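Just so you know, we're using UniProt numbering here: the sequence shown kicks off at 1 and counts up by one.
For glycine and all other residues, C-beta sits at the position ideal for the given N, C-alpha and C.
Since the structure is predicted, the reported quantities are computational estimates derived from the model, not experimental observations.
Quick notes on the structure that follows.
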Amino acid sequence: MSDRDLVTTLRAGDRLAAGQVYDVYGTRLYAYCHELLADPRLAADALRDTFIVAVNRIRELAEPEEFGAWLYALARAECDRVGISDDAPADAASAARGDRLARLALDVYSMLEPEERELLDLAFRHRLVDNDLALVLGRDESGIAVEVTRAQADLETALLVVLAARTGEPRCDEAAQAGRQFDEIDGKGVPVWLRAASKHVEGCAVCGDAIRNRRPLRLFEELPHAFMPPGVRSRVLEALRDPAGAAFAEQIVERSGKFDANGFPTGGGRGGGGFSAVKKWMLPGAGLVAAAACAVALVMYMTNDHPAASADVTTTSSSTGGSVSTASTYAELAASSASGSASTSASASASATTSSAAATTVTTAAGQQTTATTAAAPTTKTTTCVTVTTTKTVTVKTSVPVTITVTPSDSASPVYTTTSMSPTTTTSASPVTSKSCN
Numbered sequence: 001m002s003d004r005d006l007v008t009t010l011r012a013g014d015r016l017a018a019g020q021v022y023d024v025y026g027t028r029l030y031a032y033c034h035e036l037l038a039d040p041r042l043a044a045d046a047l048r049d050t051f052i053v054a055v056n057r058i059r060e061l062a063e064p065e066e067f068g069a070w071l072y073a074l075a076r077a078e079c080d081r082v083g084i085s086d087d088a089p090a091d092a093a094s095a096a097r098g099d100r101l102a103r104l105a106l107d108v109y110s111m112l113e114p115e116e117r118e119l120l121d122l123a124f125r126h127r128l129v130d131n132d133l134a135l136v137l138g139r140d141e142s143g144i145a146v147e148v149t150r151a152q153a154d155l156e157t158a159l160l161v162v163l164a165a166r167t168g169e170p171r172c173d174e175a176a177q178a179g180r181q182f183d184e185i186d187g188k189g190v191p192v193w194l195r196a197a198s199k200h201v202e203g204c205a206v207c208g209d210a211i212r213n214r215r216p217l218r219l220f221e222e223l224p225h226a227f228m229p230p231g232v233r234s235r236v237l238e239a240l241r242d243p244a245g246a247a248f249a250e251q252i253v254e255r256s257g258k259f260d261a262n263g264f265p266t267g268g269g270r271g272g273g274g275f276s277a278v279k280k281w282m283l284p285g286a287g288l289v290a291a292a293a294c295a296v297a298l299v300m301y302m303t304n305d306h307p308a309a310s311a312d313v314t315t316t317s318s319s320t321g322g323s324v325s326t327a328s329t330y331a332e333l334a335a336s337s338a339s340g341s342a343s344t345s346a347s348a349s350a351s352a353t354t355s356s357a358a359a360t361t362v363t364t365a366a367g368q369q370t371t372a373t374t375a376a377a378p379t380t381k382t383t384t385c386v387t388v389t390t391t392k393t394v395t396v397k398t399s400v401p402v403t404i405t406v407t408p409s410d411s412a413s414p415v416y417t418t419t420s421m422s423p424t425t426t427t428s429a430s431p432v433t434s435k436s437c438n
């Protein structure tokens, strides 16, 4: 189907239209999001949100022939809202594993400036023409053409001299020497190195002939795109079809902001979205004895600016060695402003009991009570020791995936961190043992 046909079916509300658009553009848009965010999960979220905005704002697109560029522009806006990464995706190296030339091309590409990498990626791997590039990046078309030419020359020069050093082709000693220097420079030395390499290549007949006839740029063009995890297509389309997600979709559309007269998102630029990649909710911890007291559970939404999500978080701690057990329940993880940011708080009290002939009850500043066993006191000194082995189990039920980190208030290191969770997950920390004596 042509772009015009896809636009027509979307505007008509055809229930199959979103799937048809996904089959044409889904893989490419995911690869672009992954390139910008350097994270497969964030890329999948951005792709989903891109389709939500596209389906709901398709009538604002002035020219159906610009549909492809429009989708890329929407995807870029969603990535910018999260926070575009300056790093090349770490898993790109895995895709190039076993292919020496692909690895070489990736090494050279990764050392370029982020803006230059994005331009090259769109122009030579996604095959966007200058007009589409200008629409996606919100720039002047004539200026884009100059930038593409300059970025292409930088990449071709770098590829050529590194090829000369690592493969012996082209047979030019000066180019090979420049290529060997590539492995010794850091990020700050790249511009100087590129200028020196370019000066040589421009004046060298052997190197100039190699660029024209061997096209080292081809190594970059043929680099594989990021592998899309299974289930992304169904997740994207389900978000569009599920009536229960209507409130979520409404907020995604609302936060997409203003579009210009042609229907393209306004703003842009790296870091210009004003949204952080991670939103945090803090839950006050239940009282735990001794070193485990006052643990803080940080529930982080890794999907950026999702609507308010209902959640029940139950934290249970079991202790041995001191005959102490505590339990607490947290509920009410739902608050969101119109901008999509959210905050929440919950409090809980915890009590501890002990079966012992002699017991001491302590009330903390938070109004929590603990009961600890006190050993028989010597005639001259009384010593109280409490040894606690704590295993924390956190069960989270939310409408979106979350990340949980639990860190004791007196420690810089977390007890545990779970960085990838399904919407309903139970996770347990390793047991933590502490002892306190007075």
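task: Could you tell me if Asp154 is buried or exposed, where buried requires 16 or more neighbouring beta carbons within 10 angstroms of its beta carbon?
output: As a working note, residue 154 is residue 154 in the sequence shown. By the 10 Å Cβ count, Asp154 comes out buried.
- prompt: If you check the beta carbons only, do Val162 and Leu104 fall under 8 Å apart?
  reply: The count along the sequence shown starts at 1 and reaches residue 162 at position 162. The count along the sequence shown starts at 1 and reaches residue 104 at position 104. Contact flag set, yes.
- prompt: Under 8 Å between the Cβ atoms of Glu66 and Leu135?
  reply: Here residue 66 is taken as the residue at index 66 of the sequence shown, counted from 1. Here residue 135 is taken as the residue at index 135 of the sequence shown, counted from 1. Cβ atoms of Glu66 and Leu135: closer than 8 Å.
query: In terms of residue numbering, what span does the alpha helix (DSSP H) encompassing Phe51 cover?
result: As a working note, residue 51 is residue 51 in the sequence shown. Segment 40 to 57, the alpha helix (DSSP H) holding Phe51.
task: Using the Cα positions of Arg11 and Glu202, report the straight-line distance between them to the nearest angstrom.
output: Here the question's residue 11 lines up with position 11 in the sequence shown. Here the question's residue 202 lines up with position 202 in the sequence shown. Near 52 Å, if we compare the C-alpha coordinates of Glu202 and Arg11.
- request: Express the C-alpha separation of Ala75 and Ala226 in angstroms, rounding to a whole number.
  value: To locate residue 226, count along the sequence shown from 1; it is residue 226. To locate residue 75, count along the sequence shown from 1; it is residue 75. Each residue's alpha carbon lies about 16 Å from the other.
- prompt: If we ignore side chains and look at the alpha-carbon of each, how far apart do Arg241 and Gly187 end up?
  reply: Here residue 241 refers to the residue found at position 241 when the sequence shown is read from its first residue. Here residue 187 refers to the residue found at position 187 when the sequence shown is read from its first residue. One C-alpha to the other measures close to 46 Å.
query: Among residues of its own chain, excluding the 5 on either side of Met111, which ones have a beta-carbon nearer than 6 Å to its beta-carbon?
result: Here residue 111 is taken as the residue at index 111 of the sequence shown, counted from 1. Answer for Met111: Val190, listed in chain order.
query: Can you tell me the Cα-Cα spacing of Arg81 and Asp45, whole angstroms?
result: Sequence index remark: in the sequence shown, residue 81 carries index 81 (1-based). Sequence index remark: in the sequence shown, residue 45 carries index 45 (1-based). Taking the straight line joining both Cα atoms gives about 12 Å.
field: Coarse secondary structure for Pro114, derived from DSSP in three states
entry: As a first step, residue 114 must be located in the sequence shown, where it is residue number 114. Helix.
- prompt: Under the three-state reduction of DSSP, which class applies to Gly19: helix, strand or coil?
  reply: The residue given as residue 19 occupies position 19 in the sequence shown. Helix.
- request: Assign Pro423 to one of three DSSP states: helix, strand, or coil.
  value: The residue given as residue 423 occupies position 423 in the sequence shown. The predicted model places Pro423 with a pLDDT of 42, which falls under 50 and marks its position as unreliable, so this point remains unresolved.
message: Looking at the secondary structure, which residues open and close the alpha helix (DSSP H) in which Leu74 lies?
response: If you number the sequence shown from 1, residue 74 lands on position 74. Residues 67 to 82.
task: Under 7 Å Cβ to Cβ from Leu122, same chain only, skipping five residues before and after it: list those, please.
output: Within the sequence shown, the letter at position 122 stands for residue 122. Excluding residues within five positions, the ones whose Cβ falls inside 7 Å are Leu128, Leu133, Val136.
- prompt: What's the C-alpha gap between Ala165 and Arg195?
  reply: Here the question's residue 165 lines up with position 165 in the sequence shown. Here the question's residue 195 lines up with position 195 in the sequence shown. Rounded to the nearest angstrom, the two C-alpha atoms are 17 Å apart.
- prompt: Beta-carbon separation of Glu156 and Leu119 under 8 Å?
  reply: As a position in the sequence shown, residue 156 is number 156, starting the count at 1. As a position in the sequence shown, residue 119 is number 119, starting the count at 1. Contact flag unset, no.
- prompt: In the structure shown, what three-state DSSP assignment does Phe259 receive?
  reply: In the sequence shown, residue 259 corresponds to position 259, counting from 1. In this structure, Phe259 counts as strand in the three-state DSSP scheme.
field: Nearest residue (CA-CA) to Leu217, options Arg125, Gly19, Arg171, Leu36
entry: For this step, residue 217 is matched to residue 217 along the sequence shown. Ranking the options by Cα distance to Leu217, first place goes to Arg125.
- prompt: With DSSP run on the structure shown, which of helix, strand or coil describes Pro243?
  reply: Position 243 of the sequence shown, counted from the start, is the residue given in the question as residue 243. Three-state DSSP puts Pro243 in a helix.
message: So, for Ala158: in the same chain, excluding its five sequence neighbours on each side, which residues have a beta-carbon less than 6 Å away from its beta-carbon?
response: Taking the first residue of the sequence shown as position 1, residue 158 is located at position 158. Once the five neighbours on either side are set aside, the close Cβ partners of Ala158 are Val108.
- prompt: Bridge partners of Pro265, per DSSP?
  reply: The sequence position of residue 265 within the sequence shown is 265, counting from 1. Per DSSP, Phe259.
field: Cβ-Cβ separation, Met228 to Thr27 (assumed contact under 8 Å), whole Å
entry: Reading the sequence shown from its first residue, position 27 is the one you call residue 27. Reading the sequence shown from its first residue, position 228 is the one you call residue 228. So it is a contact: roughly 6 Å between Cβ atoms.
message: According to DSSP, simplified to helix, strand and coil, what is Arg215?
response: In the sequence shown, the residue the question calls residue 215 occupies position 215. DSSP places Arg215 in coil when its eight states are reduced to three.
Counted within 10 angstroms of its Cβ, other Cβ atoms place Gly257 as buried (16 or more) or exposed: Sequence index remark: in the sequence shown, residue 257 carries index 257 (1-based). Its Cβ having fewer than 16 others within 10 Å, Gly257 is exposed.
query: To the nearest angstrom, how far is it from the Cα of Ala102 to the Cα of Ala244?
result: Numbered from its first residue, the sequence shown carries residue 102 at position 102. Numbered from its first residue, the sequence shown carries residue 244 at position 244. C-alpha separation (whole angstroms): 45 Å.
query: Grouping DSSP H, G and I as helix and E and B as strand, with all else coil, what is Phe227?
result: The residue labelled residue 227 in the question sits at position 227 within the sequence shown. Looking at Phe227 - three-state DSSP - the assignment turns out to be coil, as it is neither helix nor strand.
message: Can you look up Ser349 in the DSSP assignment and give me helix, strand or coil?
response: Stepping through the sequence shown from its first residue, residue 349 is reached at position 349. Note that Ser349 scores 35 on pLDDT, short of 50, meaning its location in the model is unreliable; the coordinates nonetheless yield the value given after this. Note: Ser349 maps to coil in three-state DSSP.
- request: Check each candidate in Arg171, Ala178, Ile52 and name the one with the smallest Cα separation from Arg214.
  value: The sequence position of residue 214 within the sequence shown is 214, counting from 1. Ranking Arg171, Ala178, Ile52 by Cα distance to Arg214 puts Arg171 first.
query: Helix, strand or coil: which one does DSSP assign to Ala134?
result: Taking the sequence shown and counting its residues from 1, one reaches residue 134 at position 134. Of the three classes helix, strand and coil, the one that applies to Ala134 here is helix, per DSSP.
query: Do the CB positions of Val253 and Arg57 come within less than 8 Å of each other?
result: Position 253 of the sequence shown holds residue 253. Position 57 of the sequence shown holds residue 57. Closer than 8 Å, so yes.
message: By the DSSP assignment, the alpha helix (DSSP H) with Phe182 in it spans what residues?
response: On the sequence shown, position 182 is the one that residue 182 refers to. 173 to 182 is the extent of the alpha helix (DSSP H) around Phe182.
message: Between which residues of its own chain and Gly175 is the CB-CB distance below 6 Å, once the five residues before and five after are set aside?
response: In the sequence shown, counting from the first residue as 1, residue 175 sits at position 175. Correcting the residue type first, residue 175 is Ala in the shown sequence and not Gly. If we look at Ala175 and ignore the five residues flanking it on each side, its Cβ neighbours are Val161, Ala164, Cys207.
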